[in-house]
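S.K.: From first to last, the protein sequence lines stand for chains D and G.
Just so we're aligned, residue 10 is where the first sequence starts under my numbering, counting upward by one.
Just so we're aligned, residue 199 is where the second sequence starts under my numbering, counting upward by one.
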Amino acid sequence: MPKKQVEEQGEKSSTQAFAYTPGLKIKESEVVEKERKLPILGEILVKTNDDVKNDTRVAQTFVPGDPYIVDAANMWGVVPDVIQECMLKPVGSKVNKGETIAKYTAFFGLIKKSLESPLEGTIETVSPLTGQIIITGLPVPVYIDAYVPGKVKEVMPREGAVIETHGVFIQGIFGIGGEKFGKLRVPVESAKDVLSADQITPDMKDCIIVAGSLVKLDTLRKAIQIGAAGIIGGGINSDELVKFMGYEIGVAITGEEEGITMIITEGFGNMNMHLNTFKILKKYDGQKACINGETQIRAGVIRPEVIIPHENRISKTGAELSDGMVSGTLIRIIREPYFGAIAKVLSLPVELQMMESGSYVRVLEAELENGQRVIVPRANVEIIEE
Amino acid sequence: MSITMLKPTKEMQYIMATDVGSTTTKARFFAKKSDSWRFVVAGEAPTTVEAPFEDVTMGVMNAIREVEEITGHQILKPDGTGVIIPYDGKKGVDLYCTTSSAGGGLQMMVGGLVRSMTAESANRAALGAGAIVMDALSVDDGRQPYEKIKRIRSLRPDMILLAGGTDGGDVEHVMELAELIKSAQPKPRLGIGYELPFVYAGNNKAAQYIEELAKGSFALTCVENIRPTLEIENNEPARHAIHKLFMEHVMSHAPGYNKLMKWASIDIMPTPAAEGMAIQLLEKNYKKYSLGVGLGGATTNVYSVWEGRFVRSVSANLGMSYSITNVLKEAGIDNVMRWMPFKLSEQNLRNRLMNKMIRPTTIPQTLEELIIEHSIAREALRLGLRHHKSIATRLKGAKQYHDDFGWMFDAVVKDTYIDMMQIGCIAGTGGLLSHAPDRVQSLQILTDAFQPEGVTYMFQDSVFMMPHLGVLSTVHEEAALQIFDKDCLVKMGTVVAPRGVGKAGAPCINVQIELPDGTVLNESLKFGEIKRIPLAEGQEAKLSITTQKDFEIGYNAEMRPTNVKNDVAMGGVVGIVLDARGRPLQIETEINARRKQLLNWFNKVNLYPGVDLEKTFKEV
Numbered sequence: 010m011p012k013k014q015v016e017e018q019g020e021k022s023s024t025q026a027f028a029y030t031p032g033l034k035i036k037e038s039e040v041v042e043k044e045r046k047l048p049i050l051g052e053i054l055v056k057t058n059d060d061v062k063n064d065t066r067v068a069q070t071f072v073p074g075d076p077y078i079v080d081a082a083n084m085w086g087v088v089p090d091v092i093q094e095c096m097l098k099p100v101g102s103k104v105n106k107g108e109t110i111a112k113y114t115a116f117f118g119l120i121k122k123s124l125e126s127p128l129e130g131t132i133e134t135v136s137p138l139t140g141q142i143i144i145t146g147l148p149v150p151v152y153i154d155a156y157v158p159g160k161v162k163e164v165m166p167r168e169g170a171v172i173e174t175h176g177v178f179i180q181g182i183f184g185i186g187g188e189k190f191g192k193l194r195v196p197v198e199s200a201k202d203v204l205s206a207d208q209i210t211p212d213m214k215d216c217i218i219v220a221g222s223l224v225k226l227d228t229l230r231k232a233i234q235i236g237a238a239g240i241i242g243g244g245i246n247s248d249e250l251v252k253f254m255g256y257e258i259g260v261a262i263t264g265e266e267e268g269i270t271m272i273i274t275e276g277f278g279n280m281n282m283h284l285n286t287f288k289i290l291k292k293y294d295g296q297k298a299c300i301n302g303e304t305q306i307r308a309g310v311i312r313p314e315v316i317i318p319h320e321n322r323i324s325k326t327g328a329e330l331s332d333g334m335v336s337g338t339l340i341r342i343i344r345e346p347y348f349g350a351i352a353k354v355l356s357l358p359v360e361l362q363m364m365e366s367g368s369y370v371r372v373l374e375a376e377l378e379n380g381q382r383v384i385v386p387r388a389n390v391e392i393i394e395e
Numbered sequence: 199m200s201i202t203m204l205k206p207t208k209e210m211q212y213i214m215a216t217d218v219g220s221t222t223t224k225a226r227f228f229a230k231k232s233d234s235w236r237f238v239v240a241g242e243a244p245t246t247v248e249a250p251f252e253d254v255t256m257g258v259m260n261a262i263r264e265v266e267e268i269t270g271h272q273i274l275k276p277d278g279t280g281v282i283i284p285y286d287g288k289k290g291v292d293l294y295c296t297t298s299s300a301g302g303g304l305q306m307m308v309g310g311l312v313r314s315m316t317a318e319s320a321n322r323a324a325l326g327a328g329a330i331v332m333d334a335l336s337v338d339d340g341r342q343p344y345e346k347i348k349r350i351r352s353l354r355p356d357m358i359l360l361a362g363g364t365d366g367g368d369v370e371h372v373m374e375l376a377e378l379i380k381s382a383q384p385k386p387r388l389g390i391g392y393e394l395p396f397v398y399a400g401n402n403k404a405a406q407y408i409e410e411l412a413k414g415s416f417a418l419t420c421v422e423n424i425r426p427t428l429e430i431e432n433n434e435p436a437r438h439a440i441h442k443l444f445m446e447h448v449m450s451h452a453p454g455y456n457k458l459m460k461w462a463s464i465d466i467m468p469t470p471a472a473e474g475m476a477i478q479l480l481e482k483n484y485k486k487y488s489l490g491v492g493l494g495g496a497t498t499n500v501y502s503v504w505e506g507r508f509v510r511s512v513s514a515n516l517g518m519s520y521s522i523t524n525v526l527k528e529a530g531i532d533n534v535m536r537w538m539p540f541k542l543s544e545q546n547l548r549n550r551l552m553n554k555m556i557r558p559t560t561i562p563q564t565l566e567e568l569i570i571e572h573s574i575a576r577e578a579l580r581l582g583l584r585h586h587k588s589i590a591t592r593l594k595g596a597k598q599y600h601d602d603f604g605w606m607f608d609a610v611v612k613d614t615y616i617d618m619m620q621i622g623c624i625a626g627t628g629g630l631l632s633h634a635p636d637r638v639q640s641l642q643i644l645t646d647a648f649q650p651e652g653v654t655y656m657f658q659d660s661v662f663m664m665p666h667l668g669v670l671s672t673v674h675e676e677a678a679l680q681i682f683d684k685d686c687l688v689k690m691g692t693v694v695a696p697r698g699v700g701k702a703g704a705p706c707i708n709v710q711i712e713l714p715d716g717t718v719l720n721e722s723l724k725f726g727e728i729k730r731i732p733l734a735e736g737q738e739a740k741l742s743i744t745t746q747k748d749f750e751i752g753y754n755a756e757m758r759p760t761n762v763k764n765d766v767a768m769g770g771v772v773g774i775v776l777d778a779r780g781r782p783l784q785i786e787t788e789i790n791a792r793r794k795q796l797l798n799w800f801n802k803v804n805l806y807p808g809v810d811l812e813k814t815f816k817e818v
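Below you can see the structure in the form of structure tokens.
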């Protein structure tokens, strides 16, 4: 905020509502609800309270097949309104691939032309204005599975269902790839370790591998080579990500990528995985986990996630996000010059303070893990919710 | 609520306006004080369009409640059912209006026959109405029908605008496109099971067939043709239809908007449409061709008003947070780094920007971080203007002039009509510009990115209220204009910049400045120099400018370039900036030479006050 504006607004600023400080969830015991929705209305295959596995089909629908446009008038060199008269089957009829759907005869039968359907489907329209015949292909079935094993909590008629499960719930900061299910494998010993390619062995096929503080390009390629389902790491260098993807990510909207699913828990660069995240993953080494790399950083943010279903319900301790930030809250600093540091809030001064950048902002005083006391903008921290 | 139920504008005393943004809802409170309208106070709160709230009115109430707490003036009904209208002598306001860009704004797909003619006109109409154009289909866009169908299916637009053909012309081609769109069965983005709004603004002869085709599939509105002839572009009817359908179909399916529509005294307007109206107010006030820019977190909107023609462009993925790495991708790393007086490895820069993208609400704490963001801002603006110029073009296909060989068509006429020498006003808005620690930084970012030529007045939105005033201007233009001039626009000053490139250190420009107290300053700048001269807000100075023969500073009466110009400089918080750094701007490429050059420029305009830049950014 410019200095003059600060002076103009004075104390008013301190009473203004301040931005919600986002925090990524690191929960060992959490009730997780997943909404499973069809892209268009369809049929629901489960009932409330049904037990489901991760691959149980919960809903299905049929998406209309791709339409195929046959420019009949142009093909035959006739005026458009002739086509309707030449049709052998009316609009709405089912046709087979190769079936003759229209015939044209002129000059007392000297000119004869016919038209075969290029695909199996339904005649959608025959336009007298353009002479186009539109044939829609067979409907394509679309299924939605449960993704997480659990119970059907709610059925949304014709739209989908809500699946409830209990277990570990960890949010990442960025990911690629879609929903995957596999055995969790933690070959590294600490959150600071960097998994090397040769630590990945063929028995990790279909598994979700925890790679420590950094996902390196050769490690990622090895994981793909042996057929791993997913990989989880603290950070990744952005230039290696570009090399892996084959293009630069301009806007963080991911999840459609084919192949391996990757989840980054902290950020870009070599970032020690948060200790609690690592401890939880290590504890559940060998258990089945569900992961989804889908990320959308825009209004309606979607973060990647790791869900490890279990029934070991643990009573809640530690800070809850709803408590807001108070003295003693554990935070992570998410911007230079202390990027990635874990700290404890010491105080939350009301007055705006000038930063080195010259901006007057709302700040907090915090103590880093090495005991150093620092002042940082409140916008540059996130609460660690455990 | 109908507008006829409002008090006559002359009797109004208090007005509340809000903007429901993607992340923040901004309330602005206006009052009439001794016959003049002024901005009173701002209130802000997080937008509540997403789960778990899913009701925008909660964020609106929180923002207005903040205004109530600061002013002690009751505006909201105690039972939470809306805004008290009218003001009864103690509480309430006489008008409540709002804009919205929450939930991704208005996302449209447009279509036309020829890409550079009717599809381009449809694109301009949709942009002018405040939409993000997801794709523009045309018969000649190089895609096969199945590719177009696949694309339409994957887009899920909020609305479709189809143009095509001149009035009375052949209907076949436009119907081909309409049939293709129908066969793709596009589904709306918000909600399941309602008809997708469809605006037809093409050949009037085809309207009846379009109506038949759309039955049962689309909520169709037919309006006058966007290009009734190739020489005329008639955007207004399509633009109005888009606004109406935005209210009736799109907004009514967004969470809480049905309530908000009832609270508002007038129709909710898309934020960029209202922002564009504010830029038109600027042009009206100063009677100069104007450029405006909204540099947001996800998008960059550029607006121009030129010979009365208003054009908006939106660069959907050029922004300072959500799409900051896309700026790097589009501009190239060298173009971003050329604005930095220090060395940074490519990997370091990429990592920092990727981290900003995934945590978009963070702010620069160090000067180095601030300079990195300012560098990105320059490139986002530069690319935004380049995109705008590709839209602000003369009508293609229209006859331009007649000579001995017959009618000359657009192929021989240069594309854009935007000429920086003739742009008289530039205004900036958006978080990065508004929150720059010193206004001179906003002016310099705009100057470096847009490279104004000649004499240009520079403005800045004070506390983000351009959209509020834009929507207000539709019912109470007098109030909007008064607030716009007194409280919204921060006058930053005047940039004087000759067009041309010379040898470093060679004479470039002489400027005689007659200050209001009669003092006359004679300033001579060599090529590559920049100088800042204080001239307070509210003051004016007479300028007599002469440039060396390789440079131009304006046009004469015959519109031929000239190197002599008399003009008036507008004072402001920055003052007058004499810029002889070249047009196009010349920047060193070697890191130490660039460091020296940039630090010299930064120091000359006192860009980062109170910092010893030489010490902070040492030679590498």
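Even for Gly, the Cβ is constructed at its ideal location relative to N, Cα and C.
Rounded to whole angstroms, what is the Cα-Cα separation between Cys398(D) and Arg507(G)?
M.R.: Look at the range of chain D in this structure, 10 to 395, and you will see that residue 398(D) is not part of it.
S.K.: Can you give the beta carbon distance from Ile351(D) to Glu314(D), rounded, assuming they're within the 8 Å contact cut?
M.R.: With 8 Å as the limit, Ile351(D) and Glu314(D) do not qualify as a contact, their Cβ atoms being about 21 Å apart.
S.K.: What is the DSSP secondary structure of Glu17(D), counted as helix, strand or coil?
M.R.: Low per-residue confidence applies at Glu17(D): pLDDT is 41, beneath 50, and the placement is therefore not dependable enough to give any value.
S.K.: What residues of chain G sit near Phe183(D), judged by a beta carbon separation below 7 Å?
M.R.: Within 7 Å Cβ-Cβ: Ile556.
S.K.: Here's the rule I'm using: 16 or more other beta-carbon atoms within 10 Å means buried, otherwise exposed. How should Phe183(D) be labelled?
M.R.: That one is buried.
S.K.: With DSSP as the reference, label Val177(D) as helix, strand or coil.
M.R.: Val177(D): strand per DSSP, three-state reduction.
S.K.: Exposed or buried, Gln784(G), counting other C-beta atoms within 10 Å across all chains shown (16 or more means buried)?
M.R.: Gln784(G) should be labelled exposed.
S.K.: Mind checking Ile477(G): buried by the 16 CB within 10 Å criterion, or exposed?
M.R.: With 16 or more other Cβ atoms within 10 Å, it is buried.
S.K.: Around the C-beta of Asp212(D), are 16 or more other C-beta atoms found within 10 angstroms, so that it is buried, or is it exposed?
M.R.: The residue is exposed, with fewer than 16 neighbouring Cβ atoms inside 10 Å.
S.K.: Pull up the CB-CB distance for Tyr152(D) and Cys299(D), whole angstroms please, since I reckon it's below 8 Å.
M.R.: Not confirmed; about 17 Å, so no contact.
S.K.: Count the other CB atoms, across all protein chains shown, that sit within 10 Å of the CB of Arg437(G); report buried if there are 16 or more and exposed otherwise.
M.R.: It counts as buried.
S.K.: For Lys554(G), does the count of other Cβ atoms within 10 angstroms reach 16, so buried, or fall short, so exposed?
M.R.: With 16 or more other Cβ atoms within 10 Å, it is buried.
S.K.: Is Lys106(D) near Thr114(D), with beta carbons less than 9 Å apart?
M.R.: Their beta carbons are not under 9 Å apart, which means Lys106(D) does not touch Thr114(D) by this criterion.
S.K.: Just to confirm before moving on: does the CB-CB distance between Ile624(G) and Thr497(G) stay below 9 Å?
M.R.: The answer is no: Cβ separation not under 9 Å.
S.K.: Can you find at least 3 beta carbon pairs, one from the region 66-77 of chain D and one from the region 122-132 of chain D, that sit closer than 8 Å?
M.R.: Output reads yes: the region 122-132 of chain D touches the region 66-77 of chain D.
S.K.: Taking the alpha-carbon of Gly169(D) as reference, which of Val219(D), Lys43(D), Glu265(D) has the nearest alpha-carbon?
M.R.: Among Val219(D), Lys43(D), Glu265(D), the Cα nearest to that of Gly169(D) belongs to Lys43(D).
S.K.: Do Leu493(G) and Met518(G) have their C-beta atoms closer together than 9 Å?
M.R.: Yes, the Cβ-Cβ distance between Leu493(G) and Met518(G) is below 9 Å.
S.K.: Nearest to Arg387(D) by CA position, among Ser368(D), Ile323(D), Gly380(D), is which residue?
M.R.: For Arg387(D), the nearest C-alpha among the options comes from Ser368(D).
S.K.: If you follow the alpha helix (DSSP H) that Lys275(G) is part of, which residue opens it and which one closes it?
M.R.: First-last for Lys275(G): undefined, no H or E at that position.
S.K.: Tell me whether Asn301(D) is buried or exposed, calling it buried when 16 or more other Cβ atoms sit within 10 Å of its Cβ.
M.R.: It counts as buried.
S.K.: Along chain G, in chain order, which residues have C-beta atoms closer than 9 Å to that of Glu265(D)?
M.R.: Per Cβ cutoff of 9 Å: no residues; Glu265(D) is ~10 Å from chain G at best.
S.K.: Under 8 Å Cβ to Cβ from Gly366(G), same chain only, skipping five residues before and after it: list those, please.
M.R.: Asn401, Asn402, Lys403.
S.K.: Given Ile201(G), which residues of its chain have a CB within under 8 Å of its CB, disregarding the five upstream and five downstream residues?
M.R.: Low per-residue confidence applies at Ile201(G): pLDDT is 47, beneath 50, and the placement is therefore not dependable, though the value from the model is reported in the following sentence. Around Ile201(G): Ser463, Ile464, Val673.
S.K.: Leaving out five residues before and five after Ala529(G) in sequence, what residues of the same chain have Cβ atoms less than 7 Å from its Cβ?
M.R.: Closer than 7 Å at the Cβ level, and outside the excluded window around Ala529(G), lie Glu577, Leu581.
S.K.: So what does DSSP say about Trp537(G), is it helix, strand or coil?
M.R.: DSSP places Trp537(G) in coil when its eight states are reduced to three.
S.K.: How far does the beta strand (DSSP E) with Pro150(D) in it reach, from first residue to last?
M.R.: It spans 149-154 - the beta strand (DSSP E) in which Pro150(D) sits, taken as one unbroken run.
S.K.: Give the secondary structure of Arg312(D) by DSSP, where H, G and I count as helix, E and B as strand, and everything else as coil.
M.R.: Coil, per DSSP.
S.K.: Using a cut-off of 8 Å between C-beta atoms, extract the partners of Asp248(D) located in chain G.
M.R.: Result: Glu544, Gln545, Arg548.
S.K.: If we call anything under 9 Å between Cβ atoms a contact, is Met315(G) one with Met332(G)?
M.R.: No, they are not a contact pair.
S.K.: Name the two residues that bound the continuous beta strand (DSSP E) containing Gly626(G).
M.R.: Where Gly626(G) is concerned, the enclosing beta strand (DSSP E) stretches over 623-627.
S.K.: Would you check whether the ligand SAM has a heavy atom nearer than 8 Å to the C-beta of Lys802(G)?
M.R.: Among the ligands in the structure shown, none appear at all, so the ligand SAM cannot be discussed.
S.K.: Can you give me the Cβ contacts of Leu734(G) inside the same chain, cut-off strictly under 7 Å, excluding the 5 residues immediately before and after it?
M.R.: According to the sequence provided, residue 734(G) is Ala. The question's Leu does not apply to it. Gly769.
S.K.: Which residues in chain G sit within 8 Å of Glu365(D), going by Cβ to Cβ distance?
M.R.: Chain G residues near Glu365(D): Gln563, Thr564, Leu565.
S.K.: Can you list the beta strand (DSSP E) stretches of 3 or more residues lying completely in the region 304-370 of chain G, in chain order?
M.R.: Whole beta strand (DSSP E) segments, 3+ residues: 304-310, 329-336, 357-360.
S.K.: How would you call Lys684(G), buried or exposed, if buried means at least 16 neighbouring beta carbons within 10 angstroms?
M.R.: Its Cβ having fewer than 16 others within 10 Å, Lys684(G) is exposed.
S.K.: Determine, using beta carbons only, whether Thr787(G) and Asn761(G) come nearer to each other than 9 Å.
M.R.: No, Cβ-Cβ distance for Thr787(G) and Asn761(G) is not below 9 Å.
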